[in-house]
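Novice: Quick one: the structure is below, and I'll ask about it shortly.
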Amino acid sequence: MASLKERFTKWKEKRSIWQKAGDILFWVLIILFLIPGPRKAIMTTMNRATLLVKAPRMIDEDKQKVLTDMDYNWTLAWAENEPFYFTNFREEVVFINFWATWCPPCVAEMSEIEELYKKYGHRVAFMLVTSEKPEVVNAFMEKNQYQIPVFYMAGIQAPEALSFNGYPTTFIISRDGHVVTKKTGAANWNSKATRKIFEELLN
21 MASLKERFTK WKEKRSIWQK AGDILFWVLI ILFLIPGPRK AIMTTMNRAT
71 LLVKAPRMID EDKQKVLTDM DYNWTLAWAE NEPFYFTNFR EEVVFINFWA
121 TWCPPCVAEM SEIEELYKKY GHRVAFMLVT SEKPEVVNAF MEKNQYQIPV
171 FYMAGIQAPE ALSFNGYPTT FIISRDGHVV TKKTGAANWN SKATRKIFEE
221 LLN
């Protein structure tokens, strides 16, 4: 059996400089993926790179779920742990994003949501909904200078029409309570496709 030194010598002799560079980069990435901090940064960057091809779309009308009176009774918490009643947003176009600070796809799409909020926040109700502790979320929002309103799950599950299995999951709701868009995974929210959906719902 060849020794480690012999294998290394053969590797140097047989591989071109570009092949060697590729091999080294591959193993560096493998090592970084095993370390929590760098792994999260790499995954966030990779998710951002895929946003350009992941634009949201509207659900076919005959497949759209509709929020009931009971669904609008959903209670959350917001600033200073004050209760917030979802019914306050009844008859408004609503953008809801379920997310977490530890979720790379969530972090990757947040800047796009922030830009969308700057353009439509005066016409559309935006909600970032999380189960994390306020101090953790506040630190994240302040660090990145995000202004999107954050709401906290107050021990009550989201309505069945807004059920989801992973982060991030985003819903767009029409004024009459139809869930017109549901997207699990990062997406390019500050896109022509999203603006078209909003304009259709607002007009």
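For what it's worth, the working numbering labels the leading residue of the sequence shown as 21, then goes sequentially.
For each residue, glycine too, the CB sits at the ideal point set by N, CA and C.
Which same chain residues, not among the five before or five after Q165, have their C-beta less than 6 Å away from its C-beta?
Specialist: Here residue 165 is taken as the residue at index 145 of the sequence shown, counted from 1. Counting only Cβ-Cβ distances below 6 Å, and skipping sequence neighbours, we find nothing.
Novice: What distance in whole Å lies between the Cβ atoms of T204 and T214, which are believed to be in contact at a cut-off of 8 Å?
Specialist: As a working mapping, residue 214 is identified with position 194 in the sequence shown. As a working mapping, residue 204 is identified with position 184 in the sequence shown. Wrong, their Cβ atoms sit about 16 Å apart, outside the cutoff.
Novice: Can you list, in chain order, the residues of its chain whose CB lies under 6 Å from that of T107, leaving out five sequence neighbours each side?
Specialist: Residue numbering aside, residue 107 sits at position 87 when the sequence shown is read from its first letter. Y92.
Novice: What does DSSP give as the partner residues of L148 in its beta bridges?
Specialist: Indexing the sequence shown from 1 puts residue 148 at position 128. In the DSSP output, where bridge partners are listed per residue, L148 has N117, V170.
Novice: For I193 versus L87, is the C-beta distance shorter than 8 Å?
Specialist: By 1-based counting over the sequence shown, the position of residue 193 is 173. By 1-based counting over the sequence shown, the position of residue 87 is 67. Yes, the pair counts as a contact, with Cβ atoms nearer than the cut-off.
Novice: Between the Cα of Q177 and those of P124, F109, S151, spot the shortest distance and give me the residue it belongs to.
Specialist: Position 157 of the sequence shown, counted from the start, is the residue given in the question as residue 177. Selected option, being the one with the closest Cα: S151.
Novice: Nearest-angstrom Cα distance between K212 and L222?
Specialist: Numbered from 1 along the sequence shown, position 192 holds the residue referred to as residue 212. Numbered from 1 along the sequence shown, position 202 holds the residue referred to as residue 222. If you take the alpha carbons of K212 and L222, they lie about 15 Å apart.
Novice: What's the gap between the Cα of A145 and the Cα of E132?
Specialist: The residue labelled residue 145 in the question sits at position 125 within the sequence shown. The residue labelled residue 132 in the question sits at position 112 within the sequence shown. Distance between the alpha carbons of A145 and E132: 16 Å.
Novice: Please report how far the alpha carbon of R195 lies from the alpha carbon of E162, in whole angstroms.
Specialist: For this step, residue 195 is matched to residue 175 along the sequence shown. For this step, residue 162 is matched to residue 142 along the sequence shown. Looking at the two C-alpha atoms, the distance is approximately 31 Å.
Novice: Expressed to the nearest angstrom, what Euclidean distance is found between the alpha-carbon atoms of I217 and W94?
Specialist: Stepping through the sequence shown from its first residue, residue 217 is reached at position 197. Stepping through the sequence shown from its first residue, residue 94 is reached at position 74. C-alpha separation (whole angstroms): 25 Å.
Novice: Under the DSSP definition of a beta bridge, which residues are partnered with P103?
Specialist: Here residue 103 is taken as the residue at index 83 of the sequence shown, counted from 1. Answer is A97.
Novice: Please report the distance separating the alpha-carbon of D89 from that of E220.
Specialist: Within the sequence shown, residue 89 is the residue found at index 69, counting from 1. Within the sequence shown, residue 220 is the residue found at index 200, counting from 1. Each residue's Cα considered, the two are about 24 Å apart.
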